[in-house]
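For the sequence shown, position 33 (counting from the first letter as 1) is numbered 36 according to the numbering used here, and the numbering increases by one without interruption.
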Amino acid sequence: MSKYLAYPFLYDDPSDLRCDFEIFTDEISSTIGLLRAFVDDQSLRSELSKINELVYHMNPSLRTFVSVTKDELKWIESRSIFYKTEIEERSNKFVIPEGCICASYAHIIRTKFKALVRLLHRYKEQGNEVNELLFDFANVLSGYFFILALKFNKDEGIKETEFISRNYK
């Protein structure tokens, strides 16, 4: 093992997805931090910091125990509902993921949370136990960042581009 090892679990069995989960939540958290750097609203910056901390608390959950709580999940859900009231007319259609910088980063983050759900599902399908709260957090956070993307575009005066699928009608 190299003395330059970046993370102690990098050479775990490749079929063990715990390290992948930890690296992926670290990537998501880093991307949330990047988004936060572009946000001017101090209240929202604080909110993103709190969410970022929660993602880091999710990080070791497969290896140790789940330390995020149902109350924290409800808080994120309540923030989503709050922002949804600001963008209701925008949230009833499928949109192209584009717009201002903050909206674009929020769209990237929401897709990463969907991919995190898939990783958790694969881990569970391998016969491992996964606390349902982790699935709930990843799904709710994906929705939160979608709503936030729409809010950022609205705040910047950018219209959403509706996507009408040729495949799903």
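Backbone N, C-alpha and C fix where the C-beta goes; we use that ideal spot for every residue, glycine too. Predicted model only: the values in this text are computed from it and were never measured.
- When the Cα atoms are used, residue 66 and residue 169 turn out to be separated by approximately 42 Å.
- For residue 98, the beta-bridge partners assigned by DSSP are 165.
- By the C-beta criterion, the stretch 113-129 is judged not to be in contact with the stretch 40-47, since fewer than 3 inter-stretch pairs fall below 8 Å.
- For residue 151 and residue 9, the gap between their C-alpha atoms comes out near 33 Å.
- Listed in chain order, the non-local C-beta contacts of residue 70 below 6 Å within the same chain comprise 60, local neighbours out to five positions each way being set aside.
- Excluding the 5 residues flanking it on each side, residue 138 has same chain C-beta neighbours closer than 7 Å at 120, 123, in chain order.
- If you draw a straight line from the Cα of residue 80 to the Cα of residue 19, it comes to about 31 Å.
- By the CB criterion at 8 Å, residue 50 and residue 82 fall inside the cutoff.
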